[in-house]
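A.B. asks: Under our numbering, the sequence shown is numbered contiguously, ending at residue 751.
A single structure is presented below for examination.
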Amino acid sequence: MGCGTSATAVTHRETPETDEAVKSPSPALTMKAAVLIQRWYRRYMARLEIRRRYTWNIFQSIEYAGEQDQLQLSSFFTYMLDNFTQLNGNGPDLISQLLDPVLDPWFDRETCYKTISIPESYTGPRISFPLSVSDTNALLSAFKEQQVLHARYVLQLLFETKKLLKEMPNIIHLSTSYTKEITICGDLHGRLDDLLLIFYKNGLPSAETPYIFNGDFVDRGKKSVEVVILLFAYLLLYPDHMHLNRGNHEDHIMNLRYGFTKEVMQKYKTHGREILQLFQDVFSLLPIATVIDAKILIVHGGISDQTDLEMLNSIERHKVKSALRFPRHSLEQLDIGQSHRLGKRMRSTDSSHSSRSYTENHRTPSLRKRRCGVSRRDSGASTSSSSSSSSSCSSLCSPRTPSCISPQTYPSSPSTPHNVLQVPFLDSLCSVPLPSPPQQEQEWKQIVDILWSDPKTQEGCMPNTFRGGGCYFGPDITQRLLHQHRLQLLIRSHECKQEGYELCHDGKVITIFSASNYYEEGSNRGAYIKLGKELVPRFYQYQVSRTTRRLTLTQRVRVAEGSALRALKEKLFAHRSELMAAFQQYDQNETGCVSVGEWAKVLESVLRLDLPWRTLRPHLVHLAPDGSVEYQSSFEDVGPGAPLPQVAPNLAETLFRYRTDLEIIFNIIDKDHSGLISIEEFRHTWRLFSAHLGVAIDDSAIDELARSIDFNKDGSIDFTEFLEAFRVVHKLDMKEQLSQKMGRKKYS
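Structure follows, in structure tokens:
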């Protein structure tokens, strides 16, 4: 008993001490645990940030690659119009009706919309002119309810906007002395919800709440028509307090690729072409810059080393219907005969250099495509210092022409000055001084720089080869322009930023972007700027979403990352043949494997996307046991959406890669945008398409393809079904969906 009691007593005495030790650990142990948790959290957040950044890089690189494709396609169209009267019996006629449209005289009358009747069954908004606050409120309410404004009102609105814009200068000058604050918004890209949220948070446009919208109102989003109608309506209602700058997407050729043309034709099937033509006129009349208090310059893209605000103010901006159409300029303007008489005859040994240059110019279409980021008119800029360049460094991709019509390029001898051009004359070459660009070309370059350029941290000015148009301008270029015109700040848009805005060039350049969720749900915030009399910018961020707030940061990153990787895998699949050929050059023993470095080198050399391939490697390919890359696994997760007709070698891959270009050409031929074309029209589409790529496909192969996709044998082709056949399917997504269905059946 005594022993037992004694033991019990000891137990009771020790228990409180143990509890106290658990409740109050030593300070050293607490600090160690805190450090471990902090270290783990920092590593976790660092990995999350890496994923977020490479996801962003993937989205941006693919976006800019698409812009390069559009620039090259439009350059091809321009080349065809300027240099050829026919292509296989029917060439420029197919595209001139869009690029140089000729409309019915009915359209030229400003009262033509009055002949359009509004049926009693129409339940959308009804407005009257001049517009009142009740009219704009009616438009707001109707668009929130997914209603569409009648074509008669759209045409009348555009005619009134056109008349107003004709009276405006190229550069708008504003003063904060008449208002409390000015709100500046960036790209909207057809995101109606973003525009409505801005109006909700900041107030509707009025004399007390003036706005500047800095271009790119349309394309990409599904509500571009509604966005631009609202902006034009408020412009008509408050012309002194609502200001719109032109962006690079206020361009009818850009609208072909990025959705605005299709959206208009779907919403206005009867009068769509007239509405599109009027939009084209209105877009060309939009001002190209705004200056606040003579201190802050606002343009859509940026500047170059040759940006001249005085010249910009004197340009007849309505003549530049599209910044993608370079003014016609040929060797006819050069006095070749006189230069030949004054110049030296080239030695015969130079002919070997010429043949090598000719061979370089006749590479495969895919290689030509990657090398056309800088056109001939920009080549001189790379040979001299950017800061001392005497010509603007803006550029557009040169056209991809068929090999039978590709012009030969002739190299300069080592002693040839950079300001001369070697041109053929009779049986030799001669040196011809390069003429100063004509006025029209100088003005065009000024507008291209304003609409397409991007800032960079490096000094100087160089062609923007990543986008394919405009230039990169460094902090010295910014400082020079601000000092020259006694400005303090440059505000621009044009680039999506994760936080909605970004400062660079020591705070002298601000990028503002107002379309949230631009790439994917949760990918970025939108923002706008408010400026008061002190001219100190204040930033306001937001994010339109019905689901993002319910997702954690990790979930948002995972969703965006998955979308970006799917797009990148489609890119790999579209270039499969070219990638496999490059891989096999390193895999001489046909092992199916290359090193990680070789794999990354091949991807960058073929795709030119400037991505961190080593970081992305675990998401794209499998490793062999020895650590090498099984390069064929790059393509195993994606495949064709449907069995494809075997018409020509690599035809399916070509269609995958250029299906957007083909759709644009198709839409040009399909004048009524019905989605149906005849077999003959389909053949004409392919003639332009093959000329664009430099790929020879005979008519019999084209006809065989047309017959194979004309499933109902009615003599017409539904292009939507055609594109659906040439899409990419993600096999892993299908497996996940199948497993989810099986799981639901199992537990139901």
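Cβ atoms here follow ideal geometry from the backbone N, Cα and C, with glycine treated the same way.
Being a predicted model, the structure only gives us computed values, none of them experimental.
(1) Could you spell out where the alpha helix (DSSP H) holding Ile291 opens and where it closes?
(2) Less than 6 Å between C-beta atoms, sequence neighbours within five positions excluded: which residues of the same chain meet that for Tyr521?
(3) Can at least three beta-carbon pairs, one atom from the stretch 263-276 and one from the stretch 226-237, be found at a separation below 8 Å?
(4) Once you ignore the five residues that flank His274 on each side, which residues in its own chain have a CB closer than 6 Å to its CB?
(5) Are three or more beta carbon pairs between the stretch 304-315 and the stretch 235-244 nearer than 8 Å?
(6) If we ignore side chains and look at the alpha-carbon of each, how far apart do Asp338 and Gln449 end up?
(7) Taking the beta strand (DSSP E) that Gly525 falls in, what are its first and last residues?
(8) Using the C-alpha atoms, what's the distance from Leu300 back to Leu3?
(9) Counting Cβ pairs closer than 8 Å, one from the stretch 475-486 and one from the stretch 451-459, do we hit at least three?
(10) Look at Phe516 and Ser548 and say whether their C-beta atoms are less than 8 Å apart.
(11) Let's test the definition: count the other Cβ atoms within 10 Å of the Cβ of Arg359 and tell me whether it reaches 16, buried, or not, exposed.
(12) To which residues of the same chain is Tyr543 closer than 8 Å at the C-beta, ignoring the five residues directly before and after it?
(13) Could you pull out every residue in the same chain whose Cβ sits closer than 7 Å to the Cβ of Arg617, ignoring the five residues on either side in sequence?
(14) When the Cα atoms are used, what is the spatial distance from Asp509 to Glu462?
(15) Would you identify the three-state DSSP class for Thr657, choosing helix, strand or coil?
(16) Report the three-state DSSP secondary structure of Tyr475 (helix, strand or coil).
(17) Which residues in the same chain have their Cβ closer than 6 Å to the Cβ of Tyr156, if we skip the five residues on either side of it in sequence?
(18) Let me confirm a value: Met34 is counted as buried when at least 16 other C-beta atoms fall within 10 Å, else exposed. Which label applies?
(19) If we ignore side chains and look at the alpha-carbon of each, how far apart do Arg55 and Tyr67 end up?
(20) Check whether the Cβ atoms of Ser64 and Leu614 sit closer than 8 Å, and answer yes or no.
(21) Ignore the nearest five residues each way along the sequence and tell me which others in Pro213's own chain have a CB closer than 6 Å to its CB.
(22) Please work out which residues of its chain come closer than 7 Å, Cβ to Cβ, to Phe132, disregarding the five sequence neighbours upstream and downstream, and give them in chain order.
(23) With a CB to CB cut of under 7 Å and the five nearest residues on each side skipped, what residues in its chain are close to Lys141?
(24) Shortest alpha-carbon distance to Glu319 belongs to which of Leu198, His246, Glu170 and Arg260?
(25) Is Lys322 near Gln283, with beta carbons less than 8 Å apart?
(26) Indicate whether Ile187 and Gly304 have their beta-carbon atoms separated by less than 8 Å.
(27) Along the chain, where does the alpha helix (DSSP H) that runs through Ser144 open and close?
(28) Spatial neighbours of His176 within its chain, please: CB distance less than 6 Å, with the 5 preceding and 5 following residues excluded, ordered by chain position.
(29) Can you list, in chain order, the residues of its chain with a C-beta nearer than 8 Å to that of Ala570? Leave out the 5 residues immediately preceding and following it.
(30) So is Pro466 buried or exposed if we call it buried at 16+ other beta carbons inside 10 Å?
(31) With burial defined as no fewer than 16 other Cβ atoms inside 10 Å of the residue's Cβ, what is the status of Gly503: buried or exposed?
(32) Comparing C-alpha positions only, which one of Ser120, Ala297, Thr688 and Tyr545 sits nearest to Ile720?
(33) Please report the straight-line C-alpha distance between Pro208 and Tyr545, rounded to a whole angstrom.
(34) May I ask you to report which of helix, strand or coil DSSP gives Glu170?
C.D. replies: On the basis of the data shown:
(1) Run containing Ile291: none; DSSP gives neither H nor E here.
(2) Cys499 and Asn527
(3) yes
(4) Ala154
(5) no
(6) The pLDDT assigned to Asp338 is 44, lower than 50, so where the model puts this residue is not dependable; a value taken from the coordinates is nonetheless given after this. C-alpha separation (whole angstroms): 27 Å.
(7) No beta strand (DSSP E) contains Gly525, which DSSP labels as neither H nor E.
(8) No answer is possible for residue 3: the residues shown for the chain start at 4 and end at 751.
(9) yes
(10) no
(11) For Arg359, the predicted model reports a pLDDT of 38, less than 50, meaning its position is unreliable and no value from the coordinates is stated.
(12) Lys204, Asn205, Ala530, Tyr531, Ile532 and Lys533
(13) Val599 and Ala603
(14) 13 Å
(15) helix
(16) strand
(17) Ile130
(18) exposed
(19) 19 Å
(20) yes
(21) Thr182, Ile185 and His244
(22) Gln159 and Glu163
(23) According to the sequence shown, residue 141 is Ala rather than Lys. Pro128 and Ile130.
(24) Glu170
(25) no
(26) no
(27) Val136 to Lys147
(28) Val294
(29) Ile61, Phe62 and Ile65
(30) buried
(31) buried
(32) Thr688
(33) 19 Å
(34) coil
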